[in-house]
Amino acid sequence: MKIIPEMPITAYPILITIIWAILTLPFIGIVPLFDYDETIYAQTALDMMRQSEWTVPTANGMQFFEKPPFTYYMMDACYALFGVNAFSARLPSAIFTLLTALLLYRFGKSTKSPQFGLITALVFLSMLEVGLLAHAAILDAVLNFFIAACFLFYFRWLQTDSLKHALWCALLMGAAVSIKGPVGAVVPVLVIIADRLLAGDFTQTLKRIPWLAALSVFIVASTPWYVMIFMKHGSDFLYEFIWVHNIGRALNPMQGHGGGWHYYIIVFAVSILPWLAWLPRILSKHTSQQHSGLFRLCWLWTAVVIVLFTFAQTKLPHYISCVFPAVALLIAMALEQNHEELRSLKKIRWSTIGILLPVSLILIGFPWLYEWIPPLIHHPRALAIINQPLSPSLSISISGLILLACLLWLLKRHTYSAVQFIVLGFVLQLCLLIPLGGFAGKLVQGPQSAIAEVIRTLPEHMPVYSYNLNYPSISFQSGRNYQIILNHEGSQTIYSSKPPYAVIMRSESLEELSWLKPYKAEINQGGFLLYMIRQPVSGAAP
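Under the numbering used here, the first residue of the sequence shown carries the number 84, and numbering increases by one thereafter.
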């Protein structure tokens, strides 16, 4: 089986960049930022830029110690170049997705062949969650680049015993810590230990490491921000950052993000589409490649991360996203086998069609199936969102037809079978991101966007209170920070405030601010309320 058509080697990185640009740049700004993760990061970056505060992250006037600020700096650079919008907030994720693909190409070129590097990069870009993360204003696409680079330089160090490669590995591990905290070092260290134990030379490897130089580089890359913020906030920072947001997330589910032992098995299976059906072939190569250092490293890289985060109590799909470069390398190793059996490839094709055919049929019928969804939902907040007067457009059905056509094309035996799967992956991403993602954005973020439109027109001196609610998309889209007011004491603060002022809340919170009931809400949409109080309030005090 030929993997890809012949072309000049110099065209490979250009091809990767063009494909990335087509898949990401036109689309990263068409859907509004989603609460909570995307908008809290985007708003934190914006507040840091407005206040020229480059050490202590804040969002809506509240200190935000959850993550280090280096991704915020990248967002701020994009704001300065392209304006404050969703495109700018998501651009760092898109850029680092490209850099990871180019990194895989360069690594594959240097260790095997230029064609191997190209196929690895394209397989990586075609995975479903890789495409989703490239369109998300969160930290993981940036983090994943540094973790992947750390592992690949580690492998090159094993091959060459070069001091340069060892120091690059340490530097990139330190940079990963600066991007998202201790996980940037925990993941590489655990995988490297497991790799050396299985290789049977753990003790010898410890002796080979240039400890003084490597630790010095790691410390220089990882600690500057932590030292500066500790000097400002001391134990308060250590408690929130280390105990609450790192150890706490491992020991207890946070913000309702929990899951069972099977959580990441399902996430992994969905995330690597359309390549899921290739896993049995990769497993079948274990016997023939079990002594391959790269094969072993990639399997451990994948397995250790999934097991590690399975034991962690807080679970989110993107927590294991650093494994996708490893999976891309494993798939590329399976694809490069020249003795491809027709029967095996036929099974892979039919399995892939069986997995994705229901997806295409659901997309085709979605505008008609959508009206059946509300009776199945019982959570009041979800019902309020889905009962908005919005209907999915026929573009979702058209995307389903395009995906179906691509699956039918997969039935046709092709000289370059890998190209078919790569194209299928790109089509799957675009079918889900553009029409379906656009509708989800209008549905989920519609109330916040409507509130932001009104707040944008308010005088600067007019206070905006957010009662028991923190939705940073409102402040990001309106260009106005709000003051978060909590519980009974907060309700007294609002009641005693001098008009005019605005109050944002969920519909369910109206009982706690019952003195607002006589007033007509300026916005009442999707379970969110916006009140404009222009006269002194009447009624019983809270």
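Heads up, the beta-carbon is just placed ideally off N, CA and C, and yes, glycines get one too.
Residues bridged to Tyr550 (per DSSP): Translated into the one-based positions of the sequence shown, residue 550 becomes position 467. Under DSSP, Tyr550 forms a beta bridge with Ile568.
With distances taken between CB atoms, is the gap from Thr141 to Asp130 smaller than 8 angstroms? Along the sequence shown, read from residue 1 onward, the residue named residue 141 stands at position 58. Along the sequence shown, read from residue 1 onward, the residue named residue 130 stands at position 47. Contact flag set, yes.
Under the three-state DSSP convention, the category Gly610 falls into: In the sequence shown, the residue the question calls residue 610 occupies position 527. It is coil, neither helix nor strand.
Can you check whether the CB of Glu594 is closer than 8 angstroms to the CB of His328? The residue given as residue 328 occupies position 245 in the sequence shown. The residue given as residue 594 occupies position 511 in the sequence shown. No, the Cβ-Cβ distance between His328 and Glu594 is not below 8 angstroms.
Could you tell me the distance, in whole angstroms, from the CA atom of Gln503 to the CA atom of Tyr188? Here residue 503 is taken as the residue at index 420 of the sequence shown, counted from 1. Here residue 188 is taken as the residue at index 105 of the sequence shown, counted from 1. Going from the Cα of Gln503 to the Cα of Tyr188 covers about 19 angstroms.
Spell out a yes or no on whether the segment 461 to 470 and the segment 430 to 446 are touching, meaning 3 or more CB-CB pairs, one atom from each, closer than 8 angstroms. The segment 461 to 470 is not in contact with the segment 430 to 446.
Test item: CB-CB of Leu508 and Met210 under 8 angstroms: For this step, residue 508 is matched to residue 425 along the sequence shown. For this step, residue 210 is matched to residue 127 along the sequence shown. The residue you asked about is not Leu; residue 508 is Gly in the sequence shown. The beta carbons of Gly508 and Met210 sit closer together than 8 angstroms.
Report the start-end ranges of each alpha helix (DSSP H) in the segment 270 to 350 that is 4 residues or longer and not cut off at the edges. Within the segment 270 to 350, the complete alpha helix (DSSP H) runs of at least 4 residues are 285 to 291, 294 to 305, 307 to 321 and 331 to 334.
Can you tell me the Cβ-Cβ gap for Arg539 and Ser558, rounded? I've got them flagged as a contact below 8 angstroms. Stepping through the sequence shown from its first residue, residue 539 is reached at position 456. Stepping through the sequence shown from its first residue, residue 558 is reached at position 475. Beta-carbon to beta-carbon, Arg539 and Ser558 are separated by about 10 angstroms, too far to satisfy the 8 angstroms threshold.
One or two residues paired with Tyr584 in a DSSP bridge: One-based indexing of the sequence shown puts residue 584 at position 501. For Tyr584, which the question treats as bridged, DSSP gives the partners Ile616.
Can you name, in chain order, every residue of its own chain whose Cβ lies under 7 angstroms from the Cβ of Tyr565, other than the five neighbours on each side? Locating residue 565 in the sequence shown gives position 482, counting from the first residue. Excluding residues up to 5 positions away in sequence, Asn143, Val547, Tyr548, Ser549, Ile557, Ser558 and Ile587 lie with their Cβ nearer than 7 angstroms to the Cβ of Tyr565 in the same chain.
Determine whether the beta carbon atoms of Trp361 and Ile414 lie at a separation below 8 angstroms. Along the sequence shown, one-based indexing puts residue 361 at 278. Along the sequence shown, one-based indexing puts residue 414 at 331. Going by C-beta atoms, Trp361 is nearer than 8 angstroms to Ile414.
So the alpha helix (DSSP H) Tyr68 belongs to, where does it begin and stop? Coverage of the chain is limited to positions 84 through 625, which leaves residue 68 absent and any answer about it impossible.
In angstroms with no decimal places, state the Cα-to-Cα distance between His374 and Trp308. Working through the sequence shown from its first residue, we reach residue 374 at position 291. Working through the sequence shown from its first residue, we reach residue 308 at position 225. For His374, the pLDDT reaches just 49, beneath the cut-off of 50, and the residue's location in the model is therefore unreliable, although a value from the coordinates is still provided. Their Cα atoms are separated by approximately 41 angstroms.
Considering only residues of the same chain and omitting the five flanking positions on each side of Val274, which have a CB-CB separation below 6 angstroms? Here the question's residue 274 lines up with position 191 in the sequence shown. Excluding positions up to five away in sequence, the list reads Leu383, Trp384 and Val387.
Counting only beta-carbon atoms, is Gly257 nearer than 8 angstroms to chain D? Of the protein chains in the structure, only one exists, and it is not chain D.
Given Gly376 as reference, the closest of Pro530, Trp240 and Leu246 once Cα atoms are compared: For the purposes of this step, residue 376 is taken as residue 293 along the sequence shown, with counting starting at 1. The shortest C-alpha separation from Gly376 is found at Trp240.
Can you check whether the CB of Arg173 is closer than 8 angstroms to the CB of Ile111? Within the sequence shown, residue 111 is the residue found at index 28, counting from 1. Within the sequence shown, residue 173 is the residue found at index 90, counting from 1. Result yes, Cβ atoms of Ile111 and Arg173 sit closer than 8 angstroms.
Pairwise C-alpha distance: Leu444 and Ser476: For the purposes of this step, residue 476 is taken as the residue at position 393 of the sequence shown. For the purposes of this step, residue 444 is taken as the residue at position 361 of the sequence shown. When rounded, the distance between both Cα atoms is 15 angstroms.
Can you check DSSP and say which residues form a bridge with Thr100? To locate residue 100, count along the sequence shown from 1; it is residue 17. Answer by DSSP bridge pairing: none, since Thr100 is not bridged.
Apply the 10 Å Cβ neighbour rule to Met314 and answer buried if 16 or more other Cβ atoms are within range, or exposed otherwise. Taking the first residue of the sequence shown as position 1, residue 314 is located at position 231. Counting Cβ neighbours within 10 Å, Met314 comes out exposed, since fewer than 16 surround it.
Closest residue to Pro542 among Leu515, Pro582, Ile577 and Ile567 (Cα-Cα distance): Translated into positions along the sequence shown, residue 542 becomes position 459. From the listed residues Leu515, Pro582, Ile577 and Ile567, the smallest Cα separation to Pro542 is found for Pro582.
How would you label His422, buried or exposed, when you count the other beta carbons within 10 angstroms and need 16 or more for buried? The residue given as residue 422 occupies position 339 in the sequence shown. With a pLDDT of 47 at His422, under the threshold of 50, the predicted position of this residue should be treated as unreliable, though the coordinate-derived value follows. Classification for His422: exposed.
Output yes or no for whether 8 angstroms exceeds the beta carbon distance between Glu605 and Leu613. Counting from 1 along the sequence shown, the entry for residue 605 is found at position 522. Counting from 1 along the sequence shown, the entry for residue 613 is found at position 530. Taking the C-beta atoms as reference points, Leu613 is found nearer than 8 angstroms to Glu605.
For Met145, does the three-state DSSP call read helix, strand or coil? Translated into positions along the sequence shown, residue 145 becomes position 62. Judged by DSSP in its simplified three-state form, Met145 adopts strand.
Would you report the Cα separation of Leu201 and Leu412, rounded to the nearest angstrom? For the purposes of this step, residue 201 is taken as residue 118 along the sequence shown, with counting starting at 1. For the purposes of this step, residue 412 is taken as residue 329 along the sequence shown, with counting starting at 1. Going by the C-alpha atoms only, they are around 11 angstroms apart.
Just tell me which of Ser590, Gln608, Val620 and Ala585 has its CA closest to the CA of Pro601. The residue labelled residue 601 in the question sits at position 518 within the sequence shown. When each option's Cα is compared against that of Pro601, the closest is Val620.
Element boundaries [alpha helix (DSSP H), containing Arg379]: Looking up residue 379 in the sequence shown gives position 296. If you look at Arg379, you'll find it in the alpha helix (DSSP H) that goes Gly376 to Phe394.
Across which residues does DSSP place Arg589 in a beta bridge pair? Working through the sequence shown from its first residue, we reach residue 589 at position 506. Per DSSP, Phe611.
CA-to-CA distance, Asn553 to Val527, given in whole angstroms: In the sequence shown, the residue the question calls residue 527 occupies position 444. In the sequence shown, the residue the question calls residue 553 occupies position 470. Here the C-alpha atom of Val527 lies approximately 15 angstroms from the C-alpha atom of Asn553.
Beta carbon of Gln531 nearer than 8 angstroms to that of Phe407: Translated into positions along the sequence shown, residue 531 becomes position 448. Translated into positions along the sequence shown, residue 407 becomes position 324. No, these two residues do not count as a Cβ contact at 8 angstroms.
Run the CB neighbour count on Gln126, radius 10 Å, all protein chains shown included, and call it buried at 16 or more, exposed below. For this step, residue 126 is matched to residue 43 along the sequence shown. Classification for Gln126: buried.
For Leu484, which residues of its own chain have a beta-carbon under 7 angstroms away from its beta-carbon, when the five flanking residues on both sides are left out? The residue you call residue 484 lines up with position 401 of the sequence shown. These residues qualify, in order along the chain: Ile447.
Taking the beta carbon of Asn570 as the centre, do at least 16 other beta carbons fall within 10 Å, making it buried, or is it exposed? Locating residue 570 in the sequence shown gives position 487, where the first residue counts as 1. Counting other Cβ atoms within 10 Å of its Cβ, Asn570 stays below 16 and is therefore classed as exposed.
Look at the alpha carbon of Met132 and the alpha carbon of Ser171, and state the distance between them as a whole number of angstroms. Stepping through the sequence shown from its first residue, residue 132 is reached at position 49. Stepping through the sequence shown from its first residue, residue 171 is reached at position 88. Distance between the alpha carbons of Met132 and Ser171 is about 13 angstroms.
On the criterion of 16 or more Cβ atoms from any shown chain inside 10 Å, does Pro91 qualify as buried, or is it exposed? Along the sequence shown, read from residue 1 onward, the residue named residue 91 stands at position 8. Classification for Pro91: exposed.
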